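According to mature numbering (1 follows the signal peptide of the UniProt record, and there is no 0), the residues represented by the sequence shown are -20 to -1, 1 to 1137, in order.
Using N, Cα and C, we set each Cβ at its ideal position, and we do this for glycine too.
Only a predicted model underlies this, so the values are computations on that prediction, with no experimental measurement involved.
Here is the structure we will look at.
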Amino acid sequence: MNLRNFLVIFLLLISCFVNAQREAAIWYFGENAGLDFNSGSPLTLLDGALNTREGCATISDFNGNLLFYTDGITVWNRNHVPMPNGNGLLGDPSATQSAIIIPNPGDPNIYYIFTADKLKLENGINYNVVDISLNGGLGDVIQKNIQLVTPASEKLTAVTHANGTDVWVLTHDAFGDAYMAYLVTTAGVNPTPVISNLGIHLTTYFYEDDYHAIGYIKASPNGEKVAAAHAGLNVDVMDFDTATGVLTNAVAILDATEEYKGFFGIEFSPSSRFLYTNSSNFTELYQYDLEAVDIKNSVVSLNTTEITFGALQLGIDGKIYLTEYLRPTLSVIENPNEKGAASNLNYSSIDLGGRLGVLGLPPFITSYFLVNIDVDGFCAGNPTTFESSISATPVSTLWDFGDGNTSTLQNPSHTYTAAGDYTVSVTVTTASETKTETKDITIFETPIAVTQTDIEVCVAEDSYTLDLTTLNNAILGTLNPSDFTVTYFSSQNDADTNSNALALSYDFPLGSTAVYALVSNSSNTICFDTTQFNVIAQQEPTLETINNWTICDDDLDGFYTFDLTEKNTEIFNGQDETVFDVAYFASQADADTGSNPLPVNYTNTLPSEEIFVRLENSSHIDCYKTESFTIEVSSGVVANTPSNLEMCDDNNDGLATFSLSDTEAEIIGTQSSTSLAISYHTTMADAESGVNAIANIFTNTTAYNQSIFVRVENASDTSCYATTSFELQVFDSPQIQTVTDWNVCDNDNNGVAVFDLTQKNAEILGNQNVADFTVRYYENMVDADMAQNEIIGTFQNTANPQTIYYSIVNTSNANCIVTGSFSISVYNTPFAQAPSPIILCDVKETGVQTIDLTQKDVEILGSQDVSEYNVTYFASQTDAENNTNSFDSSTYSNVMNQETIYARVQPNNLDSCYATTSFEIIINSLPQPNLEERYVICPDSPALVIDGGDFESWSWQNSAGVELSTVRNFNVSELGEYLLRVSQTTNGVSCVNSQSFEVLSSGAPETMEVEVNGFSDQIDITINATGTGPFEYSVDGENYQASNEFKVFPGKHTVFVRDLEECRVLSEEILGIGYQRFFTPNGDGNNEYWNIIGGELYPESQLFIYDRYGKLLKQINSTSRGWDGLYNGVSLPESDYWFKYTYGNNEVITGHFTLKR
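Okay, structure coming up:
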C-alpha cells in the first residue's frame, strides 16, 4: 500500500514591514559607521559624522529617508551638518543609551530627543524639541535640555501606548529600584512619570559602583515585556501595561553566584518570546526563553568565539545585529525567533566598509518591528498555514492567498490545488492604523511514488549488494527524474524526516529487509511521497576444495571403513551447521539431484575412489554447492630408535652443530631408503603432522640436551608414516683460566720448598663447577697430554724456578679435556735499613709539601739489588705490615708538619716476604714579617719608620730590587713600592720569606666651595673640593658618601670633605631657605602653620600670601610662627594658595602651596 505522510517540518519565518514604515531604516553609530536597510538588506554608509563610543540615535521619515541623528550632545541633519542650536545637548556619547528620538504623535514636523547623562551624573534625563520643517526642511532645535529627572541611569527605551498613538519613554533612577515611564502625546511630553518600584535596587555608591548604571533597557515588540540590564548586578524582566505605563512581576534571570554576573546589551526577538543579552564582560551571549516555566534555567550560551560584543539591536528585517568592539564588522542573529543554536549567530557577517563599531547601536520605538508573517507548508494538495503577529489588538484581518481565495481569520490555513508562485497579502486594521504586508511564496508539486514488488535473491556471501538507483525509474513512474529525487531509508520515520538515507550501493544482510523509498520534489524536499518494499537475501553455502583422504593399511587387507562425517568440519568451514546440510554421493549426477546418498560409514571397494559432496541451505534447497574428494588405502612403514648424538662444546653455551643424518642407518634398519622419506623435527606434534622439518645440519636450540623427533614416511603416500626420537647431548669443554705463578718465601734461604698443588685447583677451575670437572698435575707436557704419571700428594721442587703442568677433564665425558701450566719459585727473605729524616721549608706556606719518597729507596735497601726488590711507603706500621693503603711514592703530600713514614721492602713477585722500617718528615714554617699592605705619609705629618720584626736577617728593597737597608728598622722617605726579605733557622735548616708593601700620599683636600640651589621643601647642595683626592662628603660630620651632591631640608647646615685616609677634614657652614608644599591647620597640633623655612635668618624679609585669584590674604614676617590658614578670623577652604617672598638685596621668590584639612 502507498503511505503518504504530509509531515510538515519546514518552518519559514518572514519578518515583514510595510514599505511606508521605515523610520528605523537608517543607522549611524560607532566611529563614523552606518547602515541603510531600505533595500531589505543592510548596505554600508560612509557619510556619517557621528563618532561615539556607545550612545547614539537616528530617525528617518515614513519612507525611510534620513531626517537627523545624534550622539546625545550634537544633532546632525540629513546633510550631516549640525542643526542650528544643535550642540550642547546634555547626553553623553559614553552613556549606554545617550539618546532616543520620538515623533510627536499628532504633528509630523515635531520630534523629541530624549538624552541620558553617563554614570548617574547630574544632568540626568532631558528632552529636546526639533522642528524638522525649519531651516529649509533640515530641522532646527527649538527647545533644549528640558530636565525630567536627575540623577538617572544610562537607560532609554520607547514603546507605543495601548491606544496605538501615544508613546511611552522608559528609564530607571540612579539610586534605587524606580522605573519611570513618561508619556508622549499629541500635547507633548508629560513631565510627571508613572513610577514603578520593583526589581534590582541600585547602590548609592558613586566611585566604585556607578557602573551599575550601565546597560540597556528594551521593550518587547508586542509591548508586553520590558528587560533592563544592570552591569555587574543582574537583569530585570518585567510585565508592562501599555495602557497604564505600570511595570509588574520583576524576575531576575541570574543567580547571584553566577560567574558571568551582570549584563550590557539586551534585545527581544521579533516574536517577543526570546530575550538575548551579553554579559558585562562583553564576551558571552545568551538566549532566554520567556515562555519557559523557569526562565533562569532556559539559558542557552550562543557565543563560541573570543569576539567582544556590545549592543544588540533588532533591525527592520527581523534580524538582531551585534556590535563587535573596535572591529569593522557586525555579527547577526539570523533567526532570532528560533530556539538555541537554530537562531544562527553569524559572526562578522556585515562589513562596515573600514569604519569601526564600538559598543552602541541606535535604539528605536519598539513598535517599528511588530509586523510578522509566519508561513508553514508549501506543498500542493497539503494545507499551508499563515500567521500574523502585531502588538496591538487587530480590529480586522484580511488575507489574500493569491489564487482567488481569501480569509478573514487571523491565522488561517489554505490548500493550494496547483503548484506555482503566489503573492500573498495580509491587511491588518487596528484602532489607530491599517497596515498591509505582501509576500511572494512558491507552492511545489507533491509526487506519487509507484509501489514495487519484493526482491528475492540467493547469495553466497553474508550480504547482498544492490545498486538502488536501478529502481529509480520504476518508482518514479511518469515523474521527470530531473524534477524529483528518489532516496532510500530503513524506516518509515527516516523516510518521513529525510534523515539517515541508505547508501545508493547498499549491502543488505541475509533475511528480509524493509526498504522505504522517498520521492521528493527537488526544489522543495518537504513535498514528498513514500513507498515500501522488501529485499530478501537467502544464504547460499560456500564450498572450497576438499582435501583427499588417504589412510595406511595397517592390517594389509586393502579395505578401510571411512566415517565420512569426519569431513563435515572441513566442508562446513565455519558455516552455520544449523543453516546448511551436507550429504555424500557416488556420482556428480546423484549430488546434483540430491538422490542416492552414501552411508556415512562407507567401506571402499577400490584402492582409490572419488566421493561427491552436496552442501545445501536447509530451508532453501535450491541454494547449494557440490564438490568431490578422493579416498585411498596405502601400505605402512617402521621407524627404529637410534643412538644419541654427543658433542663437546668449545664455548660452553650448551649449543653445538650436529649432522642429523648420522642416525639415518639405525632408523631405517633393513627398509629400502629409496621408498622412504626421512625428516627431523623439534616436536612430536610437528613430526606427526609432517611440518616444520629442520635442516640435516642442525644447531640445538635447547642448551645441552634436546630431543629430536623423526618422521619416516612412504615416499609415495605421506599419510603412511612412523615416528621415533633421539637426544642431542652437548657437554661443556673445560676452559683454560689465567693461572698465576706460585712464589713462596724461603725462611732458611736454601731455595727448596714443599707445595700442596691442590691449592691451585680453585684458581685453575675459575668459575667452573668442581662437580663437573677434575684437575690433575704433571711434571711435563707429555704426561699431561697422555694423562699418565700424575703427581699425587705434596710436591717438593727440584729446580728453582720450575714449571708444573695440569689438565682439566669433564667428569661426564673424558673426551672433553684441556691442558696448561704455571711456574713455582722460592725467594729469600729481605731486610730494611732505617734512613735519615727529610727536613723542608714550608715554601708554599700551606704546611703541605709534595715529596718524592723514592729518594730514600737506596738508603733503605742497602746492599740488596734494586731491580729485585720493591720499596713502598705507608702512614702506619699496621698498613706497612698488611701492605694496604700505600702512598704514591713520587708525589707524596704530607698531612702534618712533622710525621713518621713507614717503609716496606719485598721481592718484586712475592708480597708475603717483607721487612719494615721508618723515618721522619719535618716541615719548617717560614718566618712571617708583620707589615701593613699600605703606609700613608700625611702632608701634615711626613715622618715614617717601619719595624721589620725579630728575625735573623733583614733585606729592605725597592721596586727595582735594589737593597736599601739590612737592619731591623727602616726609615722611609720616598713614596713607592717596597719589599722586606727575612730569614730564620729551624731544625738546622734556614728558611726565607718576604712581604711587599706600598707607601703613598693621602691626597688630602686643599680647598672647598659649596653650591646651594632650589627653593622648596628640600634644597640641593653640591660640595666642590680641590686636591689629589679621592674624597668623601658629609652634611652631618658622621655619615660620609662618595657623591658630592645632597638633598636636605631647608635651614642651616655644616658640610664636610675629607680624604679617604682621614689625614685632613675641611668644613663650611651653609644656609638654605625653602618652604613646605602643604600644611594642615585642622587643630590636631601638627603642621598647623605655614612659613618660609630658614627665613628667620633674614629678619628683614617679608612674606605675602594670596588666594588663586590674586587677593592678598596675609602679610607676615618670616621670623613669626607663620600663617594659620585664617582670613579675618575665618578658616579658608582646602585649595592652592600663592606667595611672594622678598629677602636680601630685594631678591624675590614666588610659588604656591596647598592648604589641607
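8 Å Cβ cutoff met for residue i and residue j
{"i": "Val613", "j": "Pro579", "result": "no"}
{"i": "Val617", "j": "Val692", "result": "yes"}
{"i": "Ile688", "j": "Leu640", "result": "yes"}
{"i": "Glu304", "j": "Gly337", "result": "yes"}
{"i": "Ile126", "j": "Asn89", "result": "no"}
{"i": "Gln686", "j": "Glu626", "result": "no"}
{"i": "Ala13", "j": "Thr50", "result": "no"}
{"i": "Gly929", "j": "Asn910", "result": "yes"}
Simplified DSSP state of residue i, which is helix, strand or coil
{"i": "His192", "result": "helix"}
{"i": "Gly800", "result": "strand"}
{"i": "Thr445", "result": "strand"}
{"i": "Glu1042", "result": "coil"}
{"i": "Glu239", "result": "Its pLDDT being 49, under 50, Glu239 is placed unreliably in this model, and the coordinates cannot settle the point."}
{"i": "Ile233", "result": "coil"}
{"i": "Gln857", "result": "helix"}
{"i": "Thr54", "result": "coil"}
{"i": "Met761", "result": "helix"}
{"i": "Asn680", "result": "coil"}
{"i": "Thr738", "result": "helix"}
{"i": "Thr403", "result": "strand"}
Alpha carbon of residue i to alpha carbon of residue j, nearest angstrom
{"i": "Arg307", "j": "Ala322", "result": "25 Å"}
{"i": "Ser898", "j": "Asn874", "result": "15 Å"}
{"i": "Asn729", "j": "Gln717", "result": "32 Å"}
{"i": "Leu960", "j": "Leu841", "result": "45 Å"}
{"i": "Pro73", "j": "Lys98", "result": "8 Å"}
{"i": "Ala37", "j": "Ser502", "result": "46 Å"}
{"i": "Val375", "j": "Val495", "result": "53 Å"}
{"i": "Gly1109", "j": "Lys1032", "result": "34 Å"}
{"i": "Thr172", "j": "Tyr162", "result": "7 Å"}
{"i": "Asn326", "j": "Asp356", "result": "24 Å"}
{"i": "Arg594", "j": "Glu550", "result": "13 Å"}
{"i": "Leu944", "j": "Val952", "result": "10 Å"}
{"i": "Gln813", "j": "Ala794", "result": "56 Å"}
{"i": "Thr1008", "j": "Gly1090", "result": "54 Å"}
{"i": "Glu11", "j": "Leu1135", "result": "44 Å"}
{"i": "Ala440", "j": "Lys547", "result": "21 Å"}
{"i": "Pro1030", "j": "Ile999", "result": "6 Å"}
{"i": "Ile175", "j": "Gly212", "result": "24 Å"}
{"i": "Val734", "j": "Asn777", "result": "7 Å"}
{"i": "Asn1125", "j": "Ala984", "result": "37 Å"}
{"i": "Asp208", "j": "Ala429", "result": "The sequence as given places Ala at residue 208; Asp does not occur at that position. Cα-Cα distance, rounded: 55 Å."}
Exposure label - residue i; buried when at least 16 CB within 10 Å
{"i": "Trp56", "result": "buried"}
{"i": "Gln267", "result": "buried"}
{"i": "Gly1131", "result": "exposed"}
{"i": "Tyr185", "result": "Model confidence at Tyr185 stands at a pLDDT of 42, short of 50, so the residue's coordinates are unreliable; what they give is reported in the following sentence. Burial call: exposed."}
{"i": "Phe366", "result": "buried"}
{"i": "Pro392", "result": "buried"}
{"i": "Val466", "result": "buried"}
{"i": "Pro22", "result": "buried"}
{"i": "Leu448", "result": "buried"}
{"i": "Lys824", "result": "exposed"}
{"i": "Pro1079", "result": "exposed"}
One or two residues paired with residue i in a DSSP bridge
{"i": "Cys36", "result": "Paired residues: none, contrary to the question."}
{"i": "Leu292", "result": "Leu302"}
{"i": "Glu943", "result": "Gln937"}
{"i": "Phe638", "result": "Phe678"}
{"i": "Arg961", "result": "Ser935 and Ser974"}
{"i": "Thr395", "result": "Pro363"}
{"i": "Tyr786", "result": "Tyr757 and Gly800"}
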